[in-house]
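First up is the structure itself, then whatever we jot down about it.
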Amino acid sequence: MTNEKYIEQNRYFNYRNVEPTLYDNVVLPAWIKSEIDDHNANILDYGCGFGQLMQALLNEKYMNVFGLDIEKSAISHCHSKNLNVMELDLNELHNPFNIKFDVIIFSHVIEHMPKEKIIKKLEFIKNTFLSENGKFLIAVPNAQANTDAYWAYEDWTHTTLFTSGSIYYVLKAAGFNNVEFLDIDCTLGIRSKLKKLIVKFLLKIYICKKIFWNKVTNSPYHKPSPQIFSYEIKCKAY
Numbered sequence: 023m024t025n026e027k028y029i030e031q032n033r034y035f036n037y038r039n040v041e042p043t044l045y046d047n048v049v050l051p052a053w054i055k056s057e058i059d060d061h062n063a064n065i066l067d068y069g070c071g072f073g074q075l076m077q078a079l080l081n082e083k084y085m086n087v088f089g090l091d092i093e094k095s096a097i098s099h100c101h102s103k104n105l106n107v108m109e110l111d112l113n114e115l116h117n118p119f120n121i122k123f124d125v126i127i128f129s130h131v132i133e134h135m136p137k138e139k140i141i142k143k144l145e146f147i148k149n150t151f152l153s154e155n156g157k158f159l160i161a162v163p164n165a166q167a168n169t170d171a172y173w174a175y176e177d178w179t180h181t182t183l184f185t186s187g188s189i190y191y192v193l194k195a196a197g198f199n200n201v202e203f204l205d206i207d208c209t210l211g212i213r214s215k216l217k218k219l220i221v222k223f224l225l226k227i228y229i230c231k232k233i234f235w236n237k238v239t240n241s242p243y244h245k246p247s248p249q250i251f252s253y254e255i256k257c258k259a260y
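Using the numbering used here, the first residue of the sequence shown is number 23, and each one after it goes up by one.
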């Protein structure tokens with residue numbers, strides 16, 4: 023086994039200095055919860071890590087939650103929590119559950135894949151794991167965020183970041199007919215109306231500043247692509 027594969031399957035979280043306790047209080051993100059109405063839906067967390075998102079789904083009374091990962095210590099931790107997780111074989115990709123899923127959650131996974139393989143792997147996952155009328159929920163780090171290129175280098179295993187235009191491209195190229203951007207201003211989970219208004223107001227100021235300096239420096243953005251400035255881009259594809 024190459025050193026890269028060994029790290030992927032045995033030492034990723036150790037080398038990232040991440041322990042399962044970091045996720046003890048994780049709650050289900052509002053953008054995911056708002057997209058899953060059926061509590062009996064078959065849900066797959068592809069790249070589930072320590073199972074924190076799976077546990078959050080179970081806490082919200084979703085009944086059929088499954089997970090896949092490649093990191094052996096993370097899988098062992100999931101099993102210790104009685105989570106339904108199986109190991110993904112990178113050398114022989116297949117669906118080990120023998121069912122297709124109504125919802126696949128793909129949160130911060132594809133930025134770890136070799137860039138030249140991303141579209142083919144998404145196409146494979148769509149055809150092999152996703153049910154005919156299922157939806158694919160994906161989050162990726164945003165190269166247009168205020169953190170700029172930080173996340174390209176903070177995680178050594180990241181191969182690329184995305185903008186709204188590039189994630190739209192790869193999802194369409196992988197065979198998804200429809201791609202919708204979700205929670206663009208990141209206010210979906212804010213309960214206070216006042217706080218939500220303040221966040222939206224400050225975001226408008228931030229965007230105006232961006233537009234101003236883009237004009238001064240003659241640095242345009244691609245017009246068809248939504249301008250998203252949060253840490254992650256969230257999409258629904260189907």
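Think of the CB as a built atom: it goes at the ideal place given N, C-alpha and C, for glycine as much as any other residue.
{"Query": "Check this for me: beta carbons of residue 117 and residue 89, under 9 Å apart or not?", "Result": "no"}
{"Query": "Throw me the rounded Cβ distance for the residue 250 and residue 203 pair, which I believe falls under 8 Å.", "Result": "7 Å"}
{"Query": "What distance in whole Å lies between the Cβ atoms of residue 53 and residue 193, which are believed to be in contact at a cut-off of 8 Å?", "Result": "Actually they do not touch by this definition, with Cβ atoms about 16 Å apart."}
{"Query": "In terms of DSSP beta bridges, what is residue 258 paired with?", "Result": "159 and 202"}
{"Query": "Under a Cβ-count criterion, where at least 16 other Cβ atoms within 10 Å of its own Cβ denotes burial, should residue 84 be classed as buried or exposed?", "Result": "buried"}
{"Query": "To which residues of the same chain is residue 157 closer than 6 Å at the C-beta, ignoring the five residues directly before and after it?", "Result": "125, 258 and 260"}
{"Query": "Among 69, 80 and 176, whose alpha-carbon lies nearest the alpha-carbon of residue 161?", "Result": "69"}
{"Query": "Taking residue 145 as part of the alpha helix (DSSP H), name the residues at either end of that continuous run.", "Result": "140-151"}
{"Query": "So for residue 64, helix, strand or coil by DSSP?", "Result": "strand"}
{"Query": "Could you check which residue in 188, 77, 87 and 55 has the C-alpha nearest to that of residue 64?", "Result": "87"}
{"Query": "Going by C-alpha to C-alpha distance, which of 97, 44 and 41 sits closest to residue 67?", "Result": "97"}
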